[in-house]
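Notes follow the structure.
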Amino acid sequence: MNALNIAFKDIQIFLKDRGALFQLFLLPLVFIVAFSAVAASFEAEEQDQRIPLHVVDLDGGREAQTFLVGLDEAGGVKVELIAADGAMQKLEDNEIPRLLTIPQDFTEGISEGRTVTLRLVSHPDASLEKTEAVRLVIEGVAQDMALEYQILASLQQMGEMQANAPEDYQEAFAVEKIVAQAQSQFAQSQERPLVTIEQTIPGQESEVEELPSTAEVAVPGFTVLFVFLTAQSTARSIYDEKKVGSFRRLLSAPISKVSLLAGKVLPNFITALIQTAIIFLFGAYGLRLMGFTPVKLGSDPVALTLAVLSIALCSSALGVVIAALARTENQIGGLSTLILWGLGTLGGSIVPYFILENMLGPIPMALPHYWANKALDDIMVRGMMLGDVSLSLIVLLGFTLAFFLVGLWRFDFD
Amino acid sequence: MPAILEVDHLVKKYGDFEAVKGISFEVEAGEVFGLLGPNGAGKTQTISMLTGVIEPTSGSARVGGYDIHSDMDKAKRINGLVPQDLALYPTLSARANLNFFGRIYGLGGKDLKERVEDVLRIVALTERADEAVEHYSGGMKRRVNIAAGLLHHPKLLFLDEPTVGVDPQSRNHIFESVMRLNRERGMSIVYTSHYMEEVELLCNRVAIIDQGEIIALDTIKNLIALLGGGVIHVGLERVDDDLLTELSNLKGVKSAELTTQPVPPPPSEEDDVETIEREPASTNPVVKVVAEHSQTAVVNVISYLNEKDITLTSLEILEPNLESVFLHLTGKKLRE
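Right, dumping it as C-alpha cells:
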C-alpha cells in the first residue's frame with residue numbers, strides 16, 4: 001500500500017514537470033515523424049534517379065560494348081563499369097547493391113550464334129523490386145540484341161545464297177520467302193535466346209525477405225529507446241528524494257525498504273506502459289493521418305503485451321541500477337547518457353538490429369535493448385507469435401532480475 | 415517520570431571513522447531534551463539511528479519501551495522526525511505534501527483530513543496550504559516541515575536543527591509551536607541545535623555533544639554552574655606556575671590554568687556569544703580564570719597584575735551561559 005502511495009505521489013510530481021512530459025511522451029513521436037519524413041524524402045529522391053547497376057566487362061569486345069550502350073539507352077538503369085578485382089567484395093560489403101558480369105566470350109559467342117550467359121548477383125539487403133526491374137531491363141536489351149543479330153545474320157546468309165544461286169532458283173528468294181525466314185528466326189530467338197541471365201543472391205538460398213518500411217523500423221526502435229530512457233527518471237527521482245531529505249523522512253516512517261524502492265520504481269513502469277501505448281497508437285493511426293505508412297501491431301496481442309511489460313520492467317530495474325551507481329546529479333546525467341543512449345544505439349534502436357548484427361557480430365546480443373528490439377520487431381514486423389519470441393522475453397526478464405539484484409546490492413539507503 | 419527514550423552506548427562507524435562514540439542518555443516523558451553541539455558533532459547521526467534512518471554499528475536504544483533493533487516498526491509509530499533538510503516535495507502544495515506523509519503512516523479519509531487541518535493550524539499555514547511549497551519563504555517551508563512530523567501524533571518528536579535559515583519571525587513561531595506541543599499535548603521533544611539560546615529557551619535538560627561524545631549532560635542551571643561565577647580569559651606576556659598559583663589564590667577566583675587554546679577571534683556581527691569585553695586576539699599565553707564571582711575576580715586579577723608589573727595583553731570575560739560552558743569544556747566555540 002505504501003508503495004502505491006509513493007508511486008501516486010511521484011506521478012503527481014511527474015505530471016507537474018512539463019519538460020519530463022515532453023521528453024517521455026512527445027519526443028518519441030517527434031523522432032518517429034522526423035525519421036519517417038527524412039526516409040520518405042530519400043525514397044522520393046531515389047525514385048527520380050535510375051537504378052545503379054555495376055558491371056564487370058570481362059569481354060571488352062564489340063558486342064559487349066553494344067550491349068552496354070543498349071542497357072544505358074534502355075532507361076531506368078545507370079550503368080557503372082567497375083574493375084573485376086574486388087567487385088565481389090564490394091557486393092558482399094553492401095557497397096554496391098548488384099553486380100552484372102559480362103563473360104569473356106560474350107562477343108565471340110554472339111558472333112557464333114552460341115548462347116552466352118550474363119551473371120547478375122545482388123546483395124541480400126538490396127531491394128527486390130529494383131533487382132527485378134534491373135533484370136527485366138537486362139533481359140530486354142539482351143533479347144533485342146540477340147534478335148537483331150540473328151535476323152541480320154540470316155538476312156546476310158540469304159543475300160549470299162541469292163548472289164550465288166542459278167537463275168532458276170531466284171524465286172526461292174522471293175520477298176515472301178525472306179519474310180518467312182525472318183519470322184522463323186524471331187521464333188527461334190524466343191525459344192533459344194543467345195543471351196541468358198543467371199541471377200544469384202549470395203548467402204541466401206531461399207527467397208529474399210522484404211525489408212521493413214521506415215516506420216516499421218522506427219516505431220519499435222524508438223519505443224525501446226524511449227522506454228529505457230524512463231530509467232533516467234527513476235534514478236533522478238530517487239536522487240531528488242535523497243537531495244531534499246524526504247528519503248530520510250520516508251526511512252523514518254514505518255515502511256519497508258522494499259516498499260520504498262517499489263514505490264519509486266512503479267511510476268517508471270506505469271509511465272513506460274503509457275508511453276508505449278501512445279507510440280503504438282500514433283504508429284498505427286497517427287502516421288497514416290500524416291501521410292506516412294502506418295505500422296502493424298502484429299497478430300498476437302498477448303505476445304505484444306507481454307513484450308511491452310517485460311521491456312517496461314527491465315527499464316525500471318535499470319533505473320534502480322543507475323540510482324545505485326550514481327552519487328551526484330551529474331553522474332546520473334552522464335551514466336544515463338552513456339548507458340541508455342549507448343545501449344540504445346548498440347542494441348538496435350536507432351540502426352536496425354539486423355544491420356548491426358552484420359556490423360558488430362554478437363556484441364548487440366549482450367544488451368537488453370537488442371532483445372527488446374528483436375521481440376517487438378518479430379511480433380510487429382514479422383508477425384511472430386508468443387512461442388516464437390519467448391526466448392527474447394526470457395532474456396529480458398533475466399536482465400531485469402540481474403538489474404534488480406545489482407541495484408539492491410549497491411543501493412545506498414544511508 | 416518514566417523514560418520515553420533510553421539510549422545505551424550507541425555507536426556509528428563509517429570504516430575507521432567513529433561518528434558517534436558510544437553515547438548514552440535518557441529522555442523522560444513530557445521532557446524537552448536538548449542535544450547541543452557544533453556542526454559535525456554527531457547530533458544528526460544519533461537522531462538518524464534512533465528514528466531508523468540508519469543502522470547503529472553497536473549499542474542499543476528503546477523508544478517508548480520498543481527496542482530499535484527488534485521493534486523498530488513500533489518505535490517508528492511513536493517517533494516523529496523533523497529532519498534538518500526541508501524534506502518536502504517543492505512542486506506539490508503543503509496540503510498535498512501533508513496528505514502524502516499522513517498516508518505513509520496509514521492515515522486516510524476523514525481522519526487524515528482532520529489531522530492535516532490540525533497541523534496546518536499549529537504551524538499557522540491554513541490559508542496558504544494549497545500553494546506549491548516552492549513558492550513559500552524559508553520559514554514557511556520549515557513550518558510545513560515540522561507539520562509533516564506531527565501528523566501521526568508522535569509521543570516523541572525529534573527536531574533536528576529546525577530553525578536553520580529561517581527569519582526571526584518564523585523562528586519565534588517555531589519556538590511557540592514546540593512549547594505548545596509540549597505543554598498542551600505532553601509531547602516529548604528531542605531538540606538538536608547549535609544555537610545555545612534556543613536550547614536555553616526550550617529545553618529542560620541538555621546533553622552537550624562534541625566529536626561523537628556527550629561531554630556534559632544536565633539541566634541548564636547545573637551546566638552553567640560548572641562555570642561558577644563565570645570565566646575570564648587573561649592574556650599575559652609571560653606565565654609560570656607560580657603566577658598561576660597566585661592567581662588561583664586571589665579572592666573571587668576558583669581556579670586559574672593555562673589554556674591550550676588561543677583566545678577566539680573577535681566576534682562577528684552574526685555571533686551570538688555575549689561578551690562583556692573583548693580585546694583583540696593574542697598570540698601570548700592565555701590564562702583561564704574560573705571565577706566564583708566575576709566582578710570581584712576581574713578587579714583582583716587586574717590589581718595583582720599591576721602590582722607585579724605584568725603586562726596584560728588581552729582580557730575576555732565570558733558570561734555564564736551554555737556557549738561559555740561549551741567553550742569551557744572543549745576549548746572551542748559552538749560554531750567553529
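Top line first, the protein sequences correspond to chains A and B.
Using the numbering used here, you'd call the opening residue of the first sequence number 1 and step up by one each time.
Using the numbering used here, you'd call the opening residue of the second sequence number 415 and step up by one each time.
C-beta: ideal position from N, C-alpha, C; glycine also.
Taking the Cα of B/L664 as reference, the smallest distance to any Cα among B/P699, B/H707, B/Q625, B/A639 is reached at B/H707. Taking a Cβ-Cβ threshold of 9 Å, the residues of chain A close to B/K490 are S252, A253, P254, I255, in chain order.
In the three-state scheme derived from DSSP, where H, G and I count as helix and E and B as strand, B/F515 is classed as helix. Proximity of the segment 529-547 of chain B to the segment 492-499 of chain B falls short of the contact definition, fewer than three beta-carbon pairs being nearer than 8 Å. DSSP places B/T606 in the uninterrupted beta strand (DSSP E) bounded by 602-607. In the structure shown, B/E706 adopts coil according to DSSP, grouped into three states. B/L449 and B/M486 have their C-alpha atoms spaced approximately 22 Å apart. Taking the Cα positions, A/V141 is about 15 Å away from A/T101.
The alpha-carbon separation between A/E241 and A/P294 amounts to approximately 41 Å. Proximity of the segment 547-557 of chain B to the segment 574-588 of chain B meets the contact definition, three or more beta-carbon pairs being nearer than 8 Å. Contact annotation for A/N373 against chain B: no contact, minimum CB-CB distance about 35 Å [criterion: below 8 Å]. For A/G342, the uninterrupted alpha helix (DSSP H) segment begins and ends at 342-346. Selection B/I560, B/N513, B/I588, B/S507 evaluated against B/E548 yields B/S507 as nearest (Cα-Cα). Rounded to the nearest whole angstrom, the C-alpha separation of B/K635 and A/D17 is 53 Å. The secondary-structure analysis by DSSP pairs A/L338 with nothing; it has no beta-bridge partner. A straight-line Cα-Cα distance of about 15 Å links B/L573 and B/N453. Beta-bridge partners of A/L81 (DSSP): A/V55. At a cut-off of 7 Å between beta-carbon atoms, A/K9 makes contact with chain B.
Rounded to the nearest angstrom, the Cβ distance from B/L672 to B/L658 is 7 Å, consistent with a contact under 8 Å. Here A/S310 carries a helix assignment [DSSP, helix/strand/coil]. In the three-state reduction of the DSSP assignment, B/N714 falls in the helix class, which pools H, G and I.
The beta carbon of A/S246 sits closer than 7 Å to some beta carbon of chain B.
Listed as beta-bridge partners of B/N493 by DSSP are B/L570. Relative to B/L732, the option among B/E721, B/L719, B/A705 whose CA is nearest is B/A705. Judged by DSSP in its simplified three-state form, B/D487 adopts helix. In this structure, A/A317 keeps its C-beta atom at 7 Å or more from the C-beta atom of A/F411.
When the alpha-carbon of B/R599 is set against those of B/A455, B/L534, B/H567, B/V713, the nearest one is in B/H567. Taking a Cβ-Cβ cut-off of 8 Å, the neighbours of A/I13 in chain B comprise Y503, T505, L506, given in sequence order. Judged by pairs of C-beta atoms under 8 Å, the segment 341-348 of chain A does not touch the segment 428-441 of chain B, as fewer than three such pairs exist.
Spatial neighbours of A/T234 in its own chain (CB-CB distance under 7 Å, excluding positions within 5 residues in sequence) are listed in chain order as K264, V265, N268, S316, G319, V320, A323.
Contact with chain B is found for A/N5, since one of that chain's Cβ atoms lies less than 7 Å from the residue's Cβ.
Annotation note: the segment 611-654 of chain B contains the following uninterrupted beta strand (DSSP E) runs of length 3 or greater, listed N- to C-terminal: 619-624, 627-633, 644-650.
A/R98 does not reach chain B, its nearest Cβ partner there being about 59 Å away, counting only Cβ pairs nearer than 9 Å. Take the alpha-carbon of A/G76 and the one of A/A39: they are about 22 Å apart. By the beta-carbon neighbour count (other beta carbons within 10 angstroms, threshold 16), B/H483 is exposed. A/S299 counts as exposed, since fewer than 16 other C-beta atoms from the protein chains shown sit within 10 angstroms of its C-beta.
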